[in-house]
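Comments concern the structure below.
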Amino acid sequence: MQAGKPVLYSYFRSSCSWRVRIALALKSIDHEIVPINLVKDGGQQFSEEFQTLNPMKQVPILKIDGITIGQSLAIVEYLEETRPTPRLLPQDPKKKAIVRMISDLIASGIQPVQNLSVLKQVGQENQTPWAQRAITSGFNALEKILQSTAGKYCVGDEVSMADVCLVPQVANAERFKVDLSHYPTISRINKALLALEAFQVSHPCRQPDTPAELRA
Amino acid sequence: MTDKPVLYSYFRSSCSWRVRIALALKSIDHEIVPINLVKDGGQQFSEEFQTLNPMKQVPILKIDGITIGQSLAIVEYLEETRPTPRLLPQDPKKKAIVRMISDLIASGIQPVQNLSVLKQVGQENQTPWAQRAITSGFNALEKILQSTAGKYCVGDEVSMADVCLVPQVANAERFKVDLSHYPTISRINKALLALEAFQVSHPCRQPDTPAELRA
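Protein chains in written order, with my numbering: chain A, 1 to 216; chain B, 1001 to 1215.
Laid out in C-alpha cells, this is it:
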C-alpha cells in the first residue's frame, strides 16, 4: 500500500460520506476508499476496530497527513486549507459566511434529524414521514435563502462547500419521496452540479461498495 | 443608533449561547433581541422573524450589513473578522480537531435533541430521547477529548470546541444525564465556567432570563 495516500472510510449511500467524496474529486485528491456497511452484520460502524477509529461510530472518517478526522465539514475545511485549489470557500468573509450557513443548514439542520440512527428510533412505519418532515422543513428555508444567494450554484457562480452539501441532501430527499417541484432553485442547482464530473465519479451508484442492482 | 451587531437569542438556547460566548470572548459589543421559543406559540414563527431567518431558529446575527444564521457559521465569521483572541488554532491539523469536536456537538448531538425534534417525539419520550442523543455523543466525545485535551478541549487555549461544549453540558444537566461518566468533559466544563465570557453569556444572566432562573 502506498504510503501517505489519504484513506476515506465511506458508505456508498451515506450523504455525509458523499460530501467528502465530492470534495476529494473536486480537488483531484487521489485517495483510497474503505467501505463501511452501515447495515450489514448489524452495522460495521459498530465493530471494535471502527469504534477505535471513530468513537462516534459514523462515516465518513478521513485518514490524511498522519491524522484522523471525523465530521464531514471538518474534513472538507481541512482539505480546503491544505489543498486550496480549486477553492471551495469564497475569499470574501461575508460570502464565506453564507456558504458556511447554507452548509450548516444542511449538515446540522436537516441531515442529523433524518440519519440512519435517528430513523431507527422512530419506528419503521414512522420513518418516511419523519424524514420527509425534516427535509421539507429545511428545504422550505433553503429555497428561500438560495433565491437571494444563488447564481449558477448555491452562492454565486462558483462551486462551493454549500454545493458539496446540497447534492447529497437532494438525493436523500428523493430517497424519501419529497416532492421537489416545490423547490425550483434547489432543483436547478442540483441538476447543474450533477453534470459536473466530481459529482458523478463520487455518486453513490459508482462506489466500490455499491450493490450490483444500484450500480450505474 | 449605529451598526452595533444585533444577536437574536433565546436565553436557554444552547446554540444562541455559543454565539454569546464567542462575542464575549472577543469583547464584541452588541445588542440582544430576545426571541422566546415557547411563548405565543413560539416567537420564531412570527412573519417578521421568518423573514429574518427562514429556518425559524435562533441564533441569528446581524453584523456588518449581513444577516447570518447557524451558530458555527457566525462564530467562524467572527473569527475571521475579529481574530483576537483566536478561537481556532493556526495549525491546520489542530484546527481540524477543533472543528471536528465542534461539529460532533453542533451536528451530532444538539440537532437530535433540540426543541422542534423533542416536540415530535411526544411529551413522555422527550427525556429518554434527549438523554440517548446526549449520552451517545458524550460517550464518543469523552474518548476523543482524552487524546486532544489539555486545559481545554484542544490543548491549553480556549477554542470553538469549548464554545460548543459548555452549552451542551448545560443541556445534559437539564435532561439529567449522569455526568460522572464523563470526567474529562466535566473537568473542562468546570474550568471554562470559571472564565468571565462563559459567565456573562450564561442563560441565567440574559435580558430574557425569567426571574425565577436569574442568577
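Even for Gly, the Cβ is constructed at its ideal location relative to N, Cα and C.
Quick one, are the C-beta atoms of B:V1006 and B:V1033 less than 8 Å apart? yes
Got a sec: is the Cβ-Cβ distance from B:G1041 to anything in chain A below 8 Å? By this cut-off, B:G1041 is not an interface position.
Buried versus exposed call for A:F46 [16 or more other C-beta atoms within 10 Å across all chains shown]: exposed
Using 8 Å as the Cβ pair cut-off and three pairs as the minimum, do the region 31-46 of chain A and the region 1100-1119 of chain B touch? no
Check whether the region 7-19 of chain A and the region 178-190 of chain A are in contact - that is, three or more C-beta pairs closer than 8 Å. The region 178-190 of chain A and the region 7-19 of chain A do not touch, with fewer than three beta-carbon pairs separated by less than 8 Å.
Limits of the beta strand (DSSP E) - the one that B:Y1008 falls within: Membership of B:Y1008 in the beta strand (DSSP E) is indicated by the continuous run V1006 to S1009.
Does DSSP put B:G1041 in a helix, a strand or coil? helix
What does DSSP give as the partner residue(s) for A:Y9 in the beta ladder? A:V34 and A:I61
Can you check whether the C-beta of A:Q127 is within less than 8 Å of a C-beta belonging to chain B? Put simply, the CB of A:Q127 is far from chain B, with every gap to its CB atoms at 8 Å or more.
Inter-stretch contact at 8 Å, needing at least 3 Cβ pairs: the region 1028-1042 of chain B / the region 1165-1173 of chain B: no
Counting Cβ pairs, one atom from each stretch, are 3 or more of them under 8 Å apart for the region 1146-1160 of chain B and the region 1095-1109 of chain B? yes
Go ahead and label B:S1147 buried or exposed: buried means 16 or more other beta carbons lie within 10 angstroms of its beta carbon, across all protein chains shown. exposed
Neighbourhood of B:T1184 by C-beta distance below 7 Å, restricted to the same chain and skipping five residues each side: E1142, L1145, Q1146 and A1149
Taking DSSP as the reference, what is the three-state secondary structure of A:K96? Note: A:K96 maps to helix in three-state DSSP.
So, is the C-beta of A:M161 closer than 8 Å to a C-beta in chain B? no
Hey, how far is the Cα of A:Y78 from the Cα of B:A1211? 44 Å
Close Cβ partners of B:S1009 (< 6 Å) along its chain, the five nearest in sequence each way excluded: S1016, I1032, V1058 and P1059
Helix, strand or coil for A:L89 per DSSP? Looking at A:L89 - three-state DSSP - the assignment turns out to be coil, as it is neither helix nor strand.
Give a yes or no on whether the minimum CB-CB distance between B:L1222 and chain A is below 8 Å. With chain B covering 1001 to 1215 only, the question about residue 1222 of chain B has no answer from this structure.
Out of A:A162, A:K177, A:T185 and A:D65, which has the shortest C-alpha to C-alpha gap to A:I106? A:A162
Along chain B, which residues have their Cβ under 8 Å away from the Cβ of A:N140? P1054
Along the region 108-125 of chain A, what residues have a CB closer than 7 Å to any CB found in chain B? S108, G109, P112, V113 and V118
Chain A residues whose Cβ lies nearer than 9 Å to that of B:D1064: P93 and K94
First and last residue of the uninterrupted beta strand (DSSP E) at B:L1061: Annotation for B:L1061: the continuous beta strand (DSSP E) segment containing it runs I1060 to I1063.
With 8 Å as the threshold, decide whether the Cβ of A:A97 is near any Cβ in chain B. By this cut-off, A:A97 is an interface position.
Which residues in the same chain as B:P1125 place their Cβ atom closer than 8 Å to its Cβ, once the five residues preceding and following it in sequence are excluded? Strictly speaking, residue 1125 of chain B in this sequence is Asn, with Pro absent from that position. Excluding positions up to five away in sequence, the list is empty.
Distance between A:T68 and B:I1097 (C-alpha atoms, nearest Å): 9 Å
Given B:D1178 as reference, the closest of B:F1138, B:P1111 and B:Y1152 once Cα atoms are compared: For B:D1178, the nearest C-alpha among the options comes from B:F1138.
Indicate whether at least one CB of chain E lies closer than 8 Å to the CB of A:T149. Of the protein chains in the structure, A and B, none is chain E.
Inspect the beta-carbon positions of B:V1019 and B:L1061 and report whether they are closer than 8 Å. yes
Closest residue to A:P60 among A:K27, A:S17 and A:S28 (Cα-Cα distance): A:S17
At a CB distance below 9 Å, what residues from the region 1074-1100 of chain B approach chain A? Give them in sequence order. I1074, E1076, Y1077, E1080, T1081, P1092, K1093, K1095, A1096, I1097, V1098, R1099 and M1100
Answer yes or no: does any C-beta atom of chain B fall closer than 8 Å to that of A:Y78? Cβ-Cβ to chain B under 8 Å: yes for A:Y78.
Does the region 95-110 of chain A come close enough to the region 151-159 of chain A to have 3 or more Cβ pairs within less than 8 Å? yes
Between B:G1108 and the rest of its own chain, which residues show a CB-CB distance below 7 Å, the 5 nearest in sequence each way excluded? G1137
For the beta strand (DSSP E) holding B:V1033, just list the boundary residues, first then last. E1031 to P1034
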